[in-house]
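Input: a single structure, listed below in structure tokens.
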Amino acid sequence: MIKVCKFGGTSMADANSIRQVKNIIEADASRRFVVVSAPGKRFKDDIKITDMLYRCYDEVVEFGTCKKSFSIIRERFVQIVKDLELDLDIDSVLDKTEKDIDESKCPDFAASRGEYLSAIVTAAFLGFEFVDAADIIRFDRHGQLNKDYTADKVYNALNDVEKAVIPGFFGRNFQGEIKTFSRGGSDITGSIIANGIKADLYENWTDVSGFLVCDPRIVPEAKAINQITYKEVRELSYMGASVLHAEAIAPVMRRRIPINIKNTFKPEDKGTMIVPNDMYQASANDSVITGIAGKKNFTVLLIEKSMMNAEVGFIRKVLSVVEHFNICVEHLPSGIDTLSVILSSDQLKDGVLSDLVNEIRENVNPDYIHVMENVSLIATVGHGMARRHGTAATLFTALANENINIKMIDQGSSELNIIIGVANSDYEKCIRAIYKAFN
Ligand code: ADP
Ligand code: ASP
Ligand code: MG
Numbered sequence: 003m004i005k006v007c008k009f010g011g012t013s014m015a016d017a018n019s020i021r022q023v024k025n026i027i028e029a030d031a032s033r034r035f036v037v038v039s040a041p042g043k044r045f046k047d048d049i050k051i052t053d054m055l056y057r058c059y060d061e062v063v064e065f066g067t068c069k070k071s072f073s074i075i076r077e078r079f080v081q082i083v084k085d086l087e088l089d090l091d092i093d094s095v096l097d098k099t100e101k102d103i104d105e106s107k108c109p110d111f112a113a114s115r116g117e118y119l120s121a122i123v124t125a126a127f128l129g130f131e132f133v134d135a136a137d138i139i140r141f142d143r144h145g146q147l148n149k150d151y152t153a154d155k156v157y158n159a160l161n162d163v164e165k166a167v168i169p170g171f172f173g174r175n176f177q178g179e180i181k182t183f184s185r186g187g188s189d190i191t192g193s194i195i196a197n198g199i200k201a202d203l204y205e206n207w208t209d210v211s212g213f214l215v216c217d218p219r220i221v222p223e224a225k226a227i228n229q230i231t232y233k234e235v236r237e238l239s240y241m242g243a244s245v246l247h248a249e250a251i252a253p254v255m256r257r258r259i260p261i262n263i264k265n266t267f268k269p270e271d272k273g274t275m276i277v278p279n280d281m282y283q284a285s286a287n288d289s290v291i292t293g294i295a296g297k298k299n300f301t302v303l304l305i306e307k308s309m310m311n312a313e314v315g316f317i318r319k320v321l322s323v324v325e326h327f328n329i330c331v332e333h334l335p336s337g338i339d340t341l342s343v344i345l346s347s348d349q350l351k352d353g354v355l356s357d358l359v360n361e362i363r364e365n366v367n368p369d370y371i372h373v374m375e376n377v378s379l380i381a382t383v384g385h386g387m388a389r390r391h392g393t394a395a396t397l398f399t400a401l402a403n404e405n406i407n408i409k410m411i412d413q414g415s416s417e418l419n420i421i422i423g424v425a426n427s428d429y430e431k432c433i434r435a436i437y438k439a440f441n
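Using our numbering, the letters of the sequence shown map in sequence onto residues 3 to 441.
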């Protein structure tokens, strides 16, 4: 039995939490490969090491050195090593890291050093080998993970190693430079290591007792989900459930390795098992919906043209304009004479929105284009929805009772989710209403 364990930022935040990590690892001999994040927040207004490292990069760009910002990082690691009573020359490691950040002039390199330092400290504390992600995780020339190369490298580097700590969040690009995943990417590293070493289980240790039905910052009493499928997690993570990175599912999918979300500070809680569809064990007390997640700040372009459906190539023409602006489309619900193009608003700044609308007007000559800004998208996800009647009715009644105006509805063709658009100002109220309606 091999388990890969990833510990997030809160689990690595200080000496006390790292001691807790050690207890967890030592409680089970199959926990052989440990992936760590950079130290995160210790209290509400604390600064994550990764955020400090991006500041280091900015400081290098402005002043040629990151001395000031790096001193805060230095202080935190020195304190951790001291509190853990480690026999480790952390000063030399930090000196070299500071110099490397000054010289590299690359934001990804700077950002990656939090995980790097965290893994060096954790490996020394656990008495495990340190294996650098830079030597085993590789991206191709399009910036995508080079899957087969990476899987082989991981296997070859770890197969003969009894126990190791690997830094999360980064690898190397095809030119050999350090490249990070997007924020929260240590979850992806854990999944890549689990696949490469052919693990039986990927344990993802965080600061909540599993994947909860919805964001606990919006519904503090939200329950943990016992079991959930890969597909449902993809939908929820992509739509904003930040507990697991949306790209952390793909690497473990091929080998069908389950992911167990666990709480470092309550290791006795069962947490959530994330499994392939056919490993899901239905139970009598399964809820109709599995989870709710959402994101703010979308813009909807509602395009109307009579006989749109009879005009060959209409949707293609609209999409090619959007593509010309290098903008990703989030959703595309359509009616007979209407098409809604939903885009994330951060792609439409600095006049891009009006240019885009003008170009669509010129290209497809619509009767009308209406622009709705400040829209939130909320997904209600559940593999049980397809088989049960009345899910949508329950959802829409709950929103009507709270006087929430629905601006857009989109039901995924998999019948795994219903996505609605509401005003940003209704976002939290809407999630609470849906949670209440189904729990
Ligand atoms: P880590 O640093 O361990 O990777 P993250 O901060 O990335 O932890 O993810 C855990 C946090 O995700 C929780 O503390 C919680 O605030 C937030 N979160 C958002 N949606 C959910 C959800 N559906 N279930 C659990 N946590 C969620
Ligand atoms: N430290 C990185 C971040 O803050 C990666 C991670 O924690 O997963 O995004
Ligand atoms: Mg995370």
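For every residue, glycine included, the Cβ atom is placed at its ideal position computed from N, Cα and C.
By the Cβ neighbour-count rule, Asp271 is exposed, with fewer than 16 other Cβ atoms within 10 Å of its own. In this structure, the straight-line span from the alpha carbon of Asn365 to that of Val424 is close to 29 Å. For His326, the uninterrupted alpha helix (DSSP H) run begins and ends at 316-326, by DSSP. Residues Ile406 of the same chain have their beta carbon placed closer than 6 Å to that of Asp428, with the five preceding and five following residues left out of the count. Here DSSP, grouped into helix, strand and coil, assigns Ala126 to helix. The beta carbons of Ser378 and Lys431 sit about 11 Å from each other, so the pair does not count as a contact at 8 Å.
Within the same chain, and ignoring the five residues on either side of Met255 in sequence, the residues whose Cβ sits closer than 8 Å to its Cβ are Tyr232, Pro278. Here the C-alpha atom of Cys7 lies approximately 13 Å from the C-alpha atom of Asn25. With at least 16 other beta carbons inside 10 angstroms of its own, Phe9 counts as buried. A direct Cα-Cα distance of roughly 31 Å separates Asp209 from Asp97. DSSP places Phe132 in the strand class (E or B) of the three-state scheme. Per DSSP, the unbroken beta strand (DSSP E) holding Ile294 starts and ends at 293-306.
In terms of Cβ geometry, Leu238 and Lys225 do not form a close pair [threshold 8 Å]. The beta carbon of Thr301 lies closer than 6 Å to those of Leu345, Ser347, Leu350, Glu375 in the same chain, with the five residues before and after it left out. Between the ligand ASP and the CB of Ser39, the shortest heavy atom gap is smaller than 7 Å.
Of the heavy atoms belonging to the ligand ADP, at least one sits nearer than 7 Å to the Cβ of Ala295.
Collapsing the DSSP output to three states places Ile26 in a helix. Taking C-beta separations shorter than 6 Å and ignoring five residues to either side along the sequence, the partners of Ser19 in its chain run Ser13, following chain order. With respect to the C-alpha of Gln146, the residue from Phe130, Lys181, Val163 having the closest C-alpha is Lys181.
The three-state secondary structure of Asp47, taken from DSSP, is coil. Excluding residues up to 5 positions away in sequence, Glu205, Trp207, Gly273 lie with their Cβ nearer than 6 Å to the Cβ of Lys264 in the same chain.
Ile411 sits away from Leu401, with the two beta carbons spaced by 8 Å or more. Apart from sequence neighbours up to five positions away, the residues of its chain that approach Lys268 with a beta-carbon distance below 8 Å are Ser211, ordered along the chain.
Going by beta carbons, Glu313 and Asp369 fall outside the 8 Å limit.
Distance between Gly386 and Phe72, taken at the CA atoms: about 50 Å.
As for any beta strand (DSSP E) of minimum length 3 sitting wholly inside the stretch 213-286, the runs are 229-231, 261-265, 274-277, ordered along the chain.
Residue nearest to Leu86 within the set Lys107, Thr52, Val63, Thr124 is Thr124 (criterion: CA-CA distance).
Every residue whose beta carbon comes nearer than 6 Å to a heavy atom of the ligand MG appears here in chain order: Gly10, Gly186, Asp189. By the Cβ-count criterion, Lys438 is exposed, with fewer than 16 other Cβ atoms from all chains shown falling within 10 Å of its own Cβ. Remark: the C-beta of Glu117 is in contact range of the ligand ASP, defined as less than 7 Å to any heavy atom. Inclusion of Phe171 in the 7 Å shell around the ligand ASP follows from its C-beta lying nearer than that to a non-hydrogen atom of the ligand.
Inter-segment contact for the stretch 51-67 and the stretch 95-113 is present: three or more beta-carbon pairs are separated by less than 8 Å.
Judged by DSSP secondary structure, Glu430 falls outside any beta strand (DSSP E) and instead within the alpha helix (DSSP H) spanning 429-440. Of the residues Ile220, Gly192, Ala435, Ile380, the one whose Cα lies closest to the Cα of Thr399 is Ala435. Straight through space, the alpha carbons of Glu179 and Arg143 are spaced by roughly 12 Å.
Leu341 is bridged by DSSP to Ile305, Ser336.
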